[in-house]
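The next block holds one structure in the form of structure tokens; read it before the comments.
Protein chains: 2
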Amino acid sequence: MHATLRDATPPLTRSVEDYLKAIYHLSSQGGFAATSDIAAMLQVAPPSVSGMVKRLSETGLIEHVPYRGVQLTAQGRRAALRMIRRHRILELYLTQHLGYDWDGVHAEAERLEHAVSDDLIERMASALGHPQYDPHGDPIPTASGDIEEAELVPLAEARVGTKLELRQVGTQDAPRLRYFAEQGLTPGVLLMVSERQPFNGPTTIALVPSGDPRVVGRELAQLLLCQEIGS
Amino acid sequence: MHATLRDATPPLTRSVEDYLKAIYHLSSQGGFAATSDIAAMLQVAPPSVSGMVKRLSETGLIEHVPYRGVQLTAQGRRAALRMIRRHRILELYLTQHLGYDWDGVHAEAERLEHAVSDDLIERMASALGHPQYDPHGDPIPTASGDIEEAELVPLAEARVGTKLELRQVGTQDAPRLRYFAEQGLTPGVLLMVSERQPFNGPTTIALVPSGDPRVVGRELAQLLLCQEIGS
DNA sequence: TCTGCAGATTAGTATAGTCTAATCCGCACC
DNA sequence: GGTGCGGATTAGACTATACTAATCTGCAGA
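From first to last, the protein sequence lines stand for chains S and D.
Heads up: the first sequence begins at 0 in numbering that gives the first Met the number 0, then just goes up one per residue.
Heads up: the second sequence begins at 0 in numbering that gives the first Met the number 0, then just goes up one per residue.
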């Protein structure tokens, strides 16, 4: 009986894995993922999403409230986190061991995450010393499916005068990532918020300890996720 | 015009890549690959092969002579060699950099070869120092599609008294590979053929320079591909 | 309360791949 | 030179995924 239930897990297809990841990301900050948002994220037409949603909810990976959206079940969440672990370990491995830049790894990891075995992922993880963060600062879920939930503040919303550590860069867009790298804005960097212009204006910061100033427009400042530093 | 021709190459699917590789291997020593052999190699039913063969010959990747078999066109051969290059570089990378054994890499490479980019393969190739052979001694095709065609003799057919270098091990079967490794029979090893029993009997060899003897049955001796050493 | 629009779903079609069952073809043997 | 058997092919069906076009629903605004 139990055996039947546990064994009867057919391997997920590539598409299913992509849908689960998308739903995870879209519903991570609470609530439901909307059909049209999933469609946009996966670059498919909305009816394709409706079709897949039906299948996924039949197999118990998601919960579907018609005309409202979907949420992952515990099982679906586990599967999504497994993919995210793979993705982030791959990104880190490719940058650390094969000379990829942080703006170029995403696409490669996107394809590999479906093909690698768990064994290979764990070998990469050990080769990397069981890292906790990927090159963009995103937390890597553990093999058992736990993920760090940090309380981070977008630079765009940080109070003037606070000292911050840049922890995550919330985009995979290559040109933006290249620009951040040029500006020295990579995870781990410390900075002071010097001032902010009103009406969604730019934020001015000073890098610590160099003191170099940087002016960051609203759109980009929204992507720089920071943690306030005590002291 | 040229542009149209060159651009109009849609990416090959996973299945198509597998069929091309199988056909390459089956027709490498001349002639046609038979439907049933392709089916056996890919673990699909013969009618599936007939269907795929039709599509592949329509797209110009193979040449089909009904009831006879198929052969690769120049284009199909190029695509097959590209996959074989990927496979062999992956196998070598996994053994050299991620601690895989030569008997365990095949399955992993088999899945990854469809997912990696050309860029990643070339990065792995440089990390490996642009190697010429994979862990089993199989030659790695160049990026431009050339492959070494060595004249190798199976140990089972080598003349008694000759000195040989073991160059390739012609199997991916894990238990056999493990056994060869235990016996010290890996590519690069030198040996003398000491004697052979009649009626498809075993071949006795002496490892060089240690002189250690080994008795190798016909079936395995057929898999050990050697090159005669001058002097 | 009605109405309309945006977003979601259903209906119907297409493609790539697979399968089983039925049929066909070519060659080896008598 | 016929005949049969084994391998190859065709016929027909199924699954997963995608699409477009048509329809439905729920809520926001009049």
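Note that CB positions come from ideal geometry on N, CA and C, so glycine has one too.
These numbers come from a predicted model, not from an experiment.
Q) Looking at the C-beta of residue 107/S, does it have a partner C-beta in chain D at a distance below 9 Å? A) yes
Q | Residue closest to residue 235/S, alpha-carbon to alpha-carbon, out of 8/S, 37/S, 73/S, 109/S | A | Past the edges of chain S, shown from 0 to 230, lies residue 235/S, and the structure says nothing about it.
Q) Do you know offhand how far residue 65/S's Cα is from residue 171/D's? A) 50 Å
Q) Where do the N-terminal and C-terminal ends of the alpha helix (DSSP H) with residue 93/S fall, by residue? A) 73 to 97
Q) For residue 18/S, which residues of its own chain have a beta-carbon under 6 Å away from its beta-carbon, when the five flanking residues on both sides are left out? A) 51
(Q) Using only the alpha-carbon positions, how far apart do residue 266/D and residue 85/D sit? (A) An answer regarding residue 266/D cannot be provided, because it is not within the stretch 0 to 230 covered by chain D.
(Q) Contact between the stretch 113 to 127 of chain D and the stretch 83 to 103 of chain S is defined here as three or more beta-carbon pairs at a separation below 8 Å; is this criterion met? (A) yes
(Q) For a cutoff of 9 Å on Cβ pairs, would you count residue 165/D as touching chain S? (A) no
Q) Using a Cβ-Cβ cut-off of 7 Å (strictly less than) and excluding sequence neighbours within five positions of residue 1/S, which residues of its own chain qualify? A) Bear in mind that a pLDDT of 45 at residue 1/S, under 50, signals an unreliable position, so the model cannot answer this.
Q.
Taking the beta carbon of residue 232/S as the centre, do at least 16 other beta carbons fall within 10 Å, making it buried, or is it exposed?
A. Chain S is shown from 0 up to 230; residue 232/S falls before or after that span and cannot be answered.
Q. For residue 52/D, which of helix, strand or coil comes out of DSSP?
A. helix
Q.
Taking the beta carbon of residue 90/S as the centre, do at least 16 other beta carbons fall within 10 Å, making it buried, or is it exposed?
A. buried
Q | Supposed close pair residue 167/D, residue 224/D - CB separation, criterion 8 Å | A | 4 Å
Q: Using three-state DSSP, classify residue 178/D as helix, strand or coil.
A: helix
Q) For residue 13/D, is the classification buried or exposed, using 16 other Cβ atoms within 10 angstroms of its Cβ as the cut-off for buried? A) exposed
Q: Evaluate residue 148/S with the Cβ neighbour count: other Cβ atoms within 10 Å of its Cβ, from every protein chain shown; 16 or more gives buried, anything less gives exposed.
A: exposed
(Q) Within 10 Å of its beta-carbon, does residue 5/D have 16 or more other beta-carbons around it, so buried, or fewer, so exposed? (A) Confidence at residue 5/D is low in this model, with a pLDDT of 44, below 50, so its placement is unreliable and the value that follows should be read with caution. Its Cβ having fewer than 16 others within 10 Å, residue 5/D is exposed.
Q. Apart from the five residues on each side of it in sequence, which residues of its chain come closer than 8 Å, Cβ to Cβ, to residue 197/S?
A. none
Q | Per-residue burial, residue 131/D [other beta carbons within 10 Å of its own, 16 or more giving buried] | A | exposed
(Q) Between residue 14/S and chain D, is any beta-carbon pair separated by less than 9 Å? (A) no
**Q.** Bounding residues of the alpha helix (DSSP H) (the contiguous stretch that carries residue 122/D)
**A.** 117 to 126
Q. Using Cβ-Cβ distances below 7 Å, what residues of the stretch 34 to 51 of chain D are close to chain S?
A. none
Q.
Using only the alpha-carbon positions, how far apart do residue 143/S and residue 77/S sit?
A. 9 Å
Q. What is the DSSP secondary structure of residue 129/D, counted as helix, strand or coil?
A. coil
Q) How is residue 202/D classed by DSSP in three states: helix, strand or coil? A) strand
Q: Please check the pair residue 34/S and residue 45/S, which I expect to be a contact at CB under 8 Å, by giving their CB distance rounded to whole angstroms.
A: 5 Å
Q) Apart from the five residues on each side of it in sequence, which residues of its chain come closer than 6 Å, Cβ to Cβ, to residue 108/D? A) 86, 89, 90
Q) Along the stretch 120 to 151 of chain S, what residues have a CB closer than 8 Å to any CB found in chain D? A) 122, 123, 126
Q) residue 111/D and residue 115/S look like a contact to me (Cβ under 8 Å); what is the Cβ gap, rounded to whole Å? A) 7 Å
Q. Excluding sequence positions up to five away, which residues of its chain have a Cβ less than 8 Å from the Cβ of residue 189/S?
A. 162, 163, 164, 165, 206, 207, 208, 228
Q: Return the first residue and the last residue of the beta strand (DSSP E) that residue 13/S is part of.
A: Counting along the chain, residue 13/S falls outside any beta strand (DSSP E), though it belongs to the alpha helix (DSSP H) covering 13 to 26.
Q.
Is residue 173/D close to chain S? Criterion is C-beta to C-beta, closer than 9 Å.
A. no
Q) Between the stretch 62 to 85 of chain S and chain D, which residues of the former have a C-beta closer than 7 Å to a C-beta of the latter? A) none
Q) When we look at the beta-carbon of residue 92/S and count the other beta-carbons within 10 Å, is it buried (16 or more) or exposed? A) buried
Q | Which of helix, strand or coil DSSP assigns to residue 194/D | A | strand
Q | Top-ranked residue by Cα proximity to residue 22/S, from 40/S, 8/S, 133/S, 10/S | A | 40/S
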